[in-house]
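Below you'll find the structure, written out as structure tokens, and then a few comments.
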Amino acid sequence: MKNRIRRIAALLLAAVMILGLTACAGKKKSAEFKPALSKDTQCSLKVAGSYSNFEALESEFERFYEYYPNASLSYVYLDDYYNTIGSAIASEEAPDIFTTTSSMLSDEKMNTLFENAENLADPALKIDLDCIREGAMRTTANGEVLMLPIFTRTYGMLVNMDIFEKNGLKVPGNYAELVETCKKLIAAGYKYPIMGANGTTVAGMYYAFAFPMFSSTVMKNKDSLDALNALDSSAGELMRPALERLKAFLDAGYIDPAVCAEQISDDYNAVIMRFFEGDVPMMLGGGDMVSGTAKRESKSEAFTANPFKYKFYVVPAGDEGGYFLDTVNMFFTVNKNSANLDMTNEFIRFLTSEKELGNMAAIKRLTPPTDDFSLDEVYSSLEGFPKERTFTSRETGINDAVNAEFRKATYKIANGEMTVDEAIAAFGTLNAK
Amino acid sequence: MKRALIVAIDLVIMGLILFFIVQYANTKMRESNESVIEAFGKMTVTAEQIITNYLEDEQHLCDIWTNFINRSAEAGEPMTAEDAISYIRKAKISPSIYGHLIFPERADMSGISTHPKATGSDDYRVSYRNINLFDNLSEVSSVDGVINLTRAYTNPQNGVQSIAFMNFVTILDEDSGELKEALLMRVEPVSMLEDKLVFLNGDYESVEISIINREGDYVVHGKSLKNSNFFEFFKSYNEASAEEYNKTIEQVTSGTGTMSMLNSKGEECVISYTPLSVMKSWFLLAYIPAGELAVNTVVDWLLLGIVVLGLLVLLAFNLLMLMFYNRKLAEAAADANQANAAKSHFLSTMSHDIRTPMNAILGLNEMVLRDSRDEEITAYSESIRTAGKTLLGLINDILDFSKIEAGKMDIINVDYSFVSMLNDLVNMVQGKAEEKGLAFNLDVDRDIPMILNGDEIRIKQIITNILSNAVKYTKEGSITFKAGFEKIEDKPDSVKLKISISDTGIGIKPEDLKRLFVAFERIEEKRNRNIEGTGLGMTIAQSFLMMMGSHLEVESEYGKGSVFSFELEQGVKSWEPVGSYEDAFRRSVSERQKYRERFIAPYAKVLVVDDTPVNLTVFQSLLKRTKIQIDTATSGDECICLYRRKHYDIIFLDHMMPDKDGIETLKEMKEITDTPNGETPVVCLTANAISGMREMYIKAGFDDYITKPIDPDRLEPMLMQYLPKGKIAPAPDEDEEDDYFIPDFIFKLDELDVNSGLIHCGNRESYMITLKMYLDAASKNAEDIEKYWAVRDIKNTTVKVHALKSTSRVIGALKLGDFAARLEKAGDSGDTATLDNELGELLARYRKLAEELAPLNEADGEDADDGRPVISKKDMNEAYAALSEFCASFDYDSVVHIVESLGAYRFPEEEATRFDAIKKAVDNFDYDLIPGILSGGEDNGH
């Protein structure tokens, strides 16, 4: 009897402690936004960007109005953004916030842009940058944060879950399983188990298949990185594991570049619409492809007639599994010369939370720059992805030139224009040719 | 229930009023909203006019630049690109307006600008390479006033959202020295256009003006319109089919109007649209939340609220009043019910209290009528019977009326003989009519069917009432009873009986006719004060007729007489005609007999319980001739005592008794399990004859009930129903008692009350036998008493005195019996002094009575061979067996009874001695000797 009472008391104590811990954790996770300025503040803010349409942001405007009903925020699409944003910042109608990308940082033309950027890490601004996952952050040498990550994206494939369920298949977790699954799918009548856009862009299928694997090789050979980025032909060997894996997969006939080229005319709209036809088990592409699905479901007659469940997975190209390559798609930068700098910072402070960034990502159907992938079920496979196979493009340190060389190499090998050896030997000159 | 109905109706009326108000308010609101929306639409047209004016003005300024440059070329002095830009730089007033001169032949659509790049360099070159703006350059008109406008785009020089007015100009190519065409653009920030629309905000606080192109892309983008394209925005937030979507596009791009849609928050908003008259591909949209336009609803809701409140208050007030009056009504109803209950109680009490003594009067009178030979006494007795029956009739009238009033009077149809009913009626009334010297005429249709089906009792009651009235209110002349009938076409098994009774009585005044059927009303009370009646007769008759689907008709002439008539549908069971009623009547009279018992049941045992001893006597007397063995008890407890130990065939139990009433007693009896009377029917004796009683008694557990005064004609059939069939024997044919001779000297003996003796003995014969037995035992008994007393054996002396008391009372020697009772008491209490003083006197009187009775023995010798039947051997053996059984169970009452019963038979010589021995043993209370005598007999028999 005594023991029993003790046991019950112990259980109760444990329950109380667990509850207490969860309460603490919860508190840390979702601190409610508290307006710092007067609720009646009147102002007009402008966000400039390259998206012709930015409903995710407009949704945030509406949420922000709940705290500042007299504020007025608008989004402006700038034609020829790369060339006009510089002028726009200098003009009388300069935007208060403008979108930036990783590549802008290394572009000298954009230096003036960042000269006008607010340091969001300034403690006085009280912006909760802790909610951003480490790999997504861009911090300057002197510790300034000029760019707030808004969306991230990765590369992988859309999986038609209904086909897998119908055939009693599990989504493959490593290369051996991928091959096995493809065999079964072909046996089940799916002639082309994997498709994608046959191109050299980052949205193309070869990039999604092989680039994350290539990145992992580079991660393991950091001492060769400088040579690689200098396009030293000797560094081309780093491409070998990824290229050979791609070649082997193609040779096995699980991807048919000719058919893909014929049926999929571009790397965005056509890829999505082809996937919605419902007969492709796996469709290779990037985060932008996923982003485009939301609006296209209703545009696809096939999908409307026979809707199915689909999810995003990284391609399990490695022996031990796939690689989650984490890339920031878009940043917001604050114009420090803004006429309404306080309110602009207030909006950024509002936006910098798991909740708001997650909300935007869910509407845009891209991954958020936070750790929380739960808001959009399509990305649920990324939650808790093994750390050892997760890396950011910043961590890999691969520059754009190498990136472009690799893409070219994959395309040429896939389309029979080069062997793997030839491509490796030609590293550094592939795009020149 | 009623209140719920009233509330429901009130609520429905309230609902209807509110419905009307809401409908009316809605109609008014709709009208009002329509006019508001119309005004909003007009505002949109005004805005369109402002924009048109602006665009025309700006295009005109562009045209001026163009014309100046082109005139120079036409005049042979063409400007170079630099000249043209310099000119424009001077000509334009606003610093935010840019001039771009673009060379369309260049692939990158570049040229020069009035302003350098905003990034700060002195670079005046401008390029539209990455801005898709010039797809429709061929449509740019050179006609003055025609607006050539680009979409909203980003000015590459300053990154500002702008629109540009365009014209082609002719300039000199410095390199080639030739003239060439260049595109002149007057580039203006969109914000300038937006500023023109700011004024509108005065009228409508939340209005937002947007301009879209034919594709829906915004040129001017209002804050609340999301997406980069209006039609996409519409699609995103409004669930519209493809057809509706296309219809909306068609609607917005084809004319002026307003439409409702949901904004990004799901709130209703109004969009007013109109195309720009100068720019067919641009459309002006004015957005406003629907709430801002619908301003007039507040008043209506207030009105509605007040009306609802008012109606609810009214409803609550009505309910309160309703409750208040309902309570008052309920109180009044309770009072009325209480009064009615008091009346019922009174009727029931009166019924009981009057009928109980009536039971004694009529019952004992019946005895007198049966037993008396004195004509004078018989005549008195007849008068008592008549008066008693009249009184009973009055009580019955009141009871009937109370039944009718309580709605508990039922019509019970039975088959009945019409002639028999007629007999009863004629018998009842003929005598009365003759007494008053009235002629009683009968006119009965001889074809009336013999057996009819209907409520005979009620019909008889109706006719009796009318006939009684006729006799009562007619002093001289005649009363005519007429009965006829008529066949009914549709109903072959029924006839319409037509009864009419006419008299030559006092008649009724026309003004009194309607009072005839009012309860308790007596017409001409003063004049008829000597005529007895409750005033209920006609009311009851009319009520009965109405219950049978008919009514009583009266024709009357005051002073001359009245005719009462009615028609009644009756079923026919036998179409045999009654024939001449006179014959039938005579026949029935001749068949009429003096009272005769219907049966005898000497072995049946009945227990009667009533707290009034005279009622018990009446009961016993009524059944005397049936020879039933009757035990009596005067209280519930006494009854229960007997019920426990002795078997009865029926128990009659009075309802109203002190201490423990009949129902309580019955309840206790039912709980007793160790009783030989588990199956014995219990009949309620009651003076309570009002409606609903039967149900009550059956419910209380009685098997039946019979009302007091007890009607022998009901009692005997009831006994026949409940007594075991084996114990019922047909009544003997001859009427022994009436013929059995009681010598005159017996009646003259002072010590004897013959009637009392007769009652105790049941009939004359057994009385005579008992007397002889008394005589035979007298000398021995007297000696025994003397003997016992001589040795001061108080116990046996007392037992013997007790026996003397009982036997004396049985023969009607009541005073002697009382004397013996006194001494028995003295013996019981050991009062030897009293016995010493008075025993001698008692024995002297006893012996004197015996001497006076001595002539009986002389007569006995003469009548040795009397007319008594010789008992059969079988009956005798049965009687002996019964005696033996009763002795074994010490049931000496039954022993006495059997021995008395056996006195009615002569025994064969060989048995006569044995029977005499038994008789003597009984007379001497030596019951313990009887088994010995009987067994000796058996031994002899075998």
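Chains as they are written, first to last, in the numbering used here: chain A, 969 to 1401; chain B, -11 to 930.
Yeah, the Cβ is synthetic: ideal placement off N, Cα and C, and Gly gets one too.
Hey, is residue i's beta-carbon within less than 8 Å of any beta-carbon in chain A?
| i | result |
| --- | --- |
| B:S98 | no |
| B:P144 | yes |
| B:Q37 | no |
| B:Y141 | yes |
| B:I9 | no |
| B:G204 | no |
| B:I119 | yes |
| B:V931 | Summary: the structure shown does not reach residue 931 of chain B, with chain B confined to residues -11 through 930, and so no result is reported for it. |
| B:T107 | yes |
| B:P177 | yes |
Measuring CB to CB, does residue i end up less than 8 Å from residue j?
| i | j | result |
| --- | --- | --- |
| B:I119 | B:M267 | no |
| B:E36 | B:T236 | no |
| A:S1321 | A:F1001 | yes |
| B:T68 | B:N155 | no |
| B:R446 | B:I372 | no |
| A:N1128 | A:G1246 | yes |
| B:G525 | B:S456 | yes |
Got a sec: is the Cβ-Cβ distance from residue i to anything in chain B below 8 Å?
| i | result |
| --- | --- |
| A:Y1045 | yes |
| A:D1344 | no |
| A:D1256 | no |
| A:N1305 | no |
| A:Y1278 | no |
| A:K996 | Below a pLDDT of 50, predicted positions are generally treated as unreliable, and A:K996, at 41, falls in that range; no measurement from the model is reported. |
| A:E1030 | yes |
| A:N1021 | yes |
| A:T1080 | yes |
Could you please give the first and the last residue of the uninterrupted beta strand (DSSP E) stretch that includes residue i?
| i | result |
| --- | --- |
| B:Q975 | Here chain B covers residues -11 to 930 and nothing more, so residue 975 of chain B does not appear. |
| B:N201 | 196 to 201 |
| A:D1294 | 1292 to 1302 |
| A:P1225 | Looking at the DSSP string, A:P1225 is not in any beta strand (DSSP E); the run it does join, the alpha helix (DSSP H), is 1225 to 1231. |
| B:F532 | Per DSSP, B:F532 belongs to no beta strand (DSSP E); it is in the alpha helix (DSSP H), 525 to 535. |
| B:G818 | Premise fails: B:G818 is in no beta strand (DSSP E) and is neither H nor E. |
Output the distance between the C-alpha atoms of residue i and residue j, rounded to the nearest integer angstrom.
| i | j | result |
| --- | --- | --- |
| B:P565 | B:R434 | 6 Å |
| A:L1005 | A:M1311 | 8 Å |
| B:D191 | B:S23 | 15 Å |
| B:S60 | B:S269 | 33 Å |
| B:K448 | B:S544 | 23 Å |
| B:A409 | B:T452 | Looking at the sequence itself, residue 409 of chain B is Met, so the reference to Ala does not match. Straight-line Cα distance between these residues: approximately 11 Å. |
| A:L1093 | A:E1030 | 22 Å |
| A:G1054 | A:D1064 | 13 Å |
| A:G1384 | A:F1353 | 34 Å |
Which chain D residues are close to residue i, counting only those with a beta carbon under 8 Å from its beta carbon?
| i | result |
| --- | --- |
| B:Y86 | Of the chains in the structure shown, none is chain D; the protein chains are A and B. |
Since I believe residue j is in contact with residue i (beta carbons under 8 Å), could you give me their beta-carbon distance rounded to a whole number of angstroms?
| i | j | result |
| --- | --- | --- |
| A:L1116 | A:I1381 | About 39 Å separates the two Cβ atoms, so there is no contact after all. |
| A:V1283 | A:M1125 | 5 Å |
| A:F1280 | A:V1346 | 5 Å |
| B:E585 | B:A717 | Contact doesn't hold; Cβ gap of about 11 Å is too wide. |
| B:E541 | B:F554 | 6 Å |
Could you please give the first and the last residue of the uninterrupted alpha helix (DSSP H) stretch that includes residue i?
| i | result |
| --- | --- |
| B:M644 | Run containing B:M644: none; DSSP gives neither H nor E here. |
| B:N457 | 444 to 461 |
| B:P263 | It is not in any alpha helix (DSSP H) - B:P263 instead sits in the beta strand (DSSP E) that spans 256 to 263. |
| A:A1216 | 1208 to 1219 |
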